[in-house]
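>
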Amino acid sequence: MAGIEAALALREFAGSRAAVTVVDPGRRFAIPASAAGSAFGIAPPVDVAMSRVVGRAGGALRRSHLVCVDPQRRLVMLAGGELLRFDHLVVAVGPRQVPQIPEALTFRGHADVPELRAMVDGMVKHAERGGDTDLVVAIPKDCGWPLAGYEIALMTREHVLASGLGEACHVTVVTAEDVPLGAFGPTAGETVVGKLRKTGIDIVTGTSVKRFRWGRLEMGDGSSRGADRVVALPVARGPALCGLPRDAAGFVLCESDGTVPEAPGVRVIGDAGAFAVKRGGVACQQADSAAASIARDLGSDAEEVPFMPAMPEWVWDGADGWLSRDGERVLPGDQDPSRWWPVPKTTGRFLAPFLHEIARAPTPAAPAEADMLRS
Ligand SMILES: Cc1cc2nc3c(=O)[nH]c(=O)nc-3n(C[C@H](O)[C@H](O)[C@H](O)COP(=O)(O)OP(=O)(O)OC[C@H]3O[C@@H](n4cnc5c(N)ncnc54)[C@H](O)[C@@H]3O)c2cc1C
């Protein structure tokens, strides 16, 4: 997300002053935010050819991995040993998502949607034959995006309830967080706990699942419990790129504006950086800031964009719309495509209107209750 937002922003801010090359091994551009919902047919799976997205940004696509950076010589090495020279390097390679429970279904995004869907279908079929299923959704410490665990728990539960099989399918969230969604602020935590209770989902906080074997979960606090199926979120680790400073978890160390110490011309944005907050909207804001700064270096009069390290909090305020912590309100019927569905999911200034355009979807009606949690 951050890399593409940066490329789109550079086109806007720097125009022909910048020749942009995007290095990415992927053929498709798929936004993780829509992954859990797409397993339940709720969210449109944002999934576009990478070449189309990069083409829109006026960049050249190099389908490869960035392996190593030599900041002093302003060179990057790609997989296979090819060297690329740069004047400015924006590192936006995201996190490594490391599974913690080998026997569980680890949900990292779109690649795991078919398996998640098959698991839920299997639960429903089992229930139709009279069997019970005890599903645990495990949210480990240091997972980048805990909300995905709550989304999966809620959507699974709502799916089985809608199938009339709620009694046979039990869902429990086991989270290492002391307070659910603590990183999102108190409103989010209270909202999610209320919603879990209302839908009949149990929650265990402050402990993590260590192991899942022979139908038993071993927890970090020494306790154990039975479970039939486990969906786990991965732990986010940094990319550990050679040539750049990194913290103990491998995230790229940087200054508060994303510039990397002793690496002239290098900036890190998004989940690859050693930032406290990992979120698509924050990553896009950092991308705009980096792009504006580069554009100014290239002689453009682009306005500076603040480098956002913090998380804005949004709540769904009934039919009146979305309300941000600082009081900004967005109505459900808002036609501004930069506020494209669902509002706080995809807030990239340039990415969001582009996705809106390619999805060819009108701004949807007010989100259902579960949509609040998908944000
Ligand atoms: C399941 C899930 C749901 C989420 N839901 C939301 C949500 O609803 N709202 C929200 O704000 N955030 C959400 N997030 C978090 C959000 O997706 C991330 O914060 C955001 O994607 C970070 O953007 P990024 O550009 O740093 O990394 P990514 O989006 O992960 O992009 C990294 C890119 O780098 C490429 N890459 C990796 N290694 C290399 C390499 N060595 N060389 C070159 N390219 C490389 C990858 O192919 C990828 O295209 C979710 C995350 C997950 C996992």
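Just so we're on the same page, our numbering is the position in the sequence shown counted from 1, plus 23. All residues carry an ideal CB built from backbone N, CA and C; glycine is no exception. Model, not experiment: these values are computed from the prediction.
Per DSSP, which residues does Met178 bridge with? Please list them.
Position 155 of the sequence shown holds residue 178. None, per the DSSP bridge assignment.
> Between Lys301 and Gly217, is the Cβ-Cβ spacing less than 8 Å?
As a working mapping, residue 301 is identified with position 278 in the sequence shown. As a working mapping, residue 217 is identified with position 194 in the sequence shown. Going by C-beta atoms, Lys301 is not nearer than 8 Å to Gly217.
> In chain order, what residues of the same chain have a beta carbon less than 7 Å from the beta carbon of Phe36, not counting five sequence neighbours either side?
By one-based count along the sequence shown, residue 36 stands at place 13. Cβ neighbours of Phe36 beyond the five flanking positions: Ala314, Ala315, Ala318, Ser323 and Ala325.
> With a threshold of 7 Å, establish whether the CB of Arg79 neighbours any heavy atom of ligand 1.
Looking up residue 79 in the sequence shown gives position 56. No, the beta carbon of Arg79 sits no closer than 7 Å to any heavy atom of ligand 1.
> At a cut-off of 7 Å, would you count Val46 as near ligand 1, judging by its Cβ distance to the nearest heavy atom?
For the purposes of this step, residue 46 is taken as residue 23 along the sequence shown, with counting starting at 1. For ligand 1, at least one heavy atom lies less than 7 Å from the Cβ of Val46.
> Output needed for Glu401: all residues of its chain with C-beta closer than 7 Å, excluding positions within five of it in sequence on either side, in chain order.
Absent from the model: residue 401. The displayed extent of the chain is 24 to 398, so no value can be given.
> Going by beta carbon distance, what residues of the same chain come within less than 6 Å of Gly78, once the five residues before and after it are set aside?
Here residue 78 corresponds to residue number 55 of the sequence shown, with the count starting at 1. Around Gly78: no qualifying Cβ.
> What residue ranges within the segment 198 to 232 form continuous alpha helix (DSSP H) runs of no fewer than 4 residues, ordered along the chain?
209 to 222, all fully within the segment 198 to 232.
> Checking the sheet assignment: what are the DSSP bridge partners for Val258?
Along the sequence shown, one-based indexing puts residue 258 at 235. Looking at the DSSP assignment, Val258 forms a beta bridge with Val121.
> Where does the unbroken alpha helix (DSSP H) through Gly103 begin, and where does it stop?
As a first step, residue 103 must be located in the sequence shown, where it is residue number 80. Per DSSP, Gly103 belongs to no alpha helix (DSSP H) and is neither H nor E.
> Assign Leu10 to one of three DSSP states: helix, strand, or coil.
A question about residue 10 goes unanswered here, because the residues of the chain that appear run from 24 up to 398.
> So which of Ser186, Ile175, His379 and Ala30 has the shortest CA-CA distance to Val196?
For the purposes of this step, residue 196 is taken as the residue at position 173 of the sequence shown. The residue with the shortest Cα to Cα distance from Val196 is Ile175.
> With burial defined as no fewer than 16 other Cβ atoms inside 10 Å of the residue's Cβ, what is the status of Pro48: buried or exposed?
Residue mapping note: residue 48 aligns to position 25 of the sequence shown, counting from 1. When all chains shown are included, Pro48 counts as exposed.
> By the 10 Å Cβ neighbour count, where 16 or more other Cβ atoms means buried, how is Ala161 classified, buried or exposed?
As a first step, residue 161 must be located in the sequence shown, where it is residue number 138. Buried: at least 16 other Cβ atoms inside 10 Å.
> For ligand 1, any of its heavy atoms closer than 7 Å to the Cβ of Phe130?
Along the sequence shown, one-based indexing puts residue 130 at 107. Indeed, a heavy atom of ligand 1 lies less than 7 Å from the Cβ.
> In angstroms, rounded to a whole number, what distance separates the CA positions of Val305 and Trp237?
Position 282 of the sequence shown holds residue 305. Position 214 of the sequence shown holds residue 237. Those two C-alpha atoms are separated by around 41 Å.
> Counting pairs of beta carbons, one from the segment 175 to 191 and one from the segment 203 to 214, are three or more of them closer than 8 Å?
With a cut-off of 8 Å, the segment 203 to 214 and the segment 175 to 191 do not count as touching, because too few Cβ pairs lie within range.
> Say yes only if the C-beta of Leu19 is nearer than 7 Å to one or more non-hydrogen atoms of ligand 1, and no if none qualify.
Past the boundaries of the shown model lies residue 19; the chain is included only from 24 to 398, so the question cannot be answered.
> Look at the alpha carbon of Ile224 and the alpha carbon of Leu158, and state the distance between them as a whole number of angstroms.
Along the sequence shown, one-based indexing puts residue 224 at 201. Along the sequence shown, one-based indexing puts residue 158 at 135. Using only the alpha carbons, I get a separation of about 10 Å.
> Is the beta carbon of Pro163 closer than 8 Å to that of Ala5?
The shown model of the chain, from 24 to 398, leaves out residue 5, and the question about it has no answer.
> Three-state secondary structure (DSSP) at Ala80?
Position 57 of the sequence shown, counting from 1, holds the residue named residue 80. If DSSP states are grouped into helix, strand and coil, Ala80 belongs with coil.
> Indicate whether Gly266 and Asp93 have their beta-carbon atoms separated by less than 8 Å.
Stepping through the sequence shown from its first residue, residue 266 is reached at position 243. Stepping through the sequence shown from its first residue, residue 93 is reached at position 70. Yes, the Cβ-Cβ distance between Gly266 and Asp93 is below 8 Å.
> Is DSSP giving Val408 helix, strand or coil here?
The question about residue 408 has no answer, for the chain in this structure spans 24 to 398.
> Assuming Asp311 is part of the beta strand (DSSP E), what are its boundary residues?
Residue numbering aside, residue 311 sits at position 288 when the sequence shown is read from its first letter. First-last for Asp311: Gly303 to Asp320, but that is the alpha helix (DSSP H), not the beta strand (DSSP E).
> For Asp157, list the residues DSSP reports as bridge partners.
For the purposes of this step, residue 157 is identified with residue 134 of the sequence shown, where counting begins at 1. Asp157 pairs with His193.
> DSSP on Arg362, reduced to helix/strand/coil?
Position 339 of the sequence shown, counted from the start, is the residue given in the question as residue 362. Legend: pLDDT at Arg362 = 42, less than 50; position of this residue unreliable, value from coordinates given subsequently. Three-state DSSP puts Arg362 in a helix.
> Give me the Cα-Cα distance between Ala250 and Arg34, rounded to the nearest whole angstrom.
In the sequence shown, counting from the first residue as 1, residue 250 sits at position 227. In the sequence shown, counting from the first residue as 1, residue 34 sits at position 11. Approximately 51 Å, taken between the alpha carbons.
> Which same chain residues, not among the five before or five after Ser39, have their C-beta less than 8 Å away from its C-beta?
Counting from 1 along the sequence shown, the entry for residue 39 is found at position 16. So no residue of the chain qualifies.
> By the three-class DSSP mapping on this structure, what secondary structure does Met242 have?
Residue 242 sits at position 219 when you count from the first residue of the sequence shown. Strand, per DSSP.
> Suppose you measure from the CA of Val143 to the CA of Thr210; what does that come to, to the nearest Å?
Counted from its first residue, the sequence shown places residue 143 at position 120. Counted from its first residue, the sequence shown places residue 210 at position 187. If I take the Cα positions, the gap works out to 29 Å.
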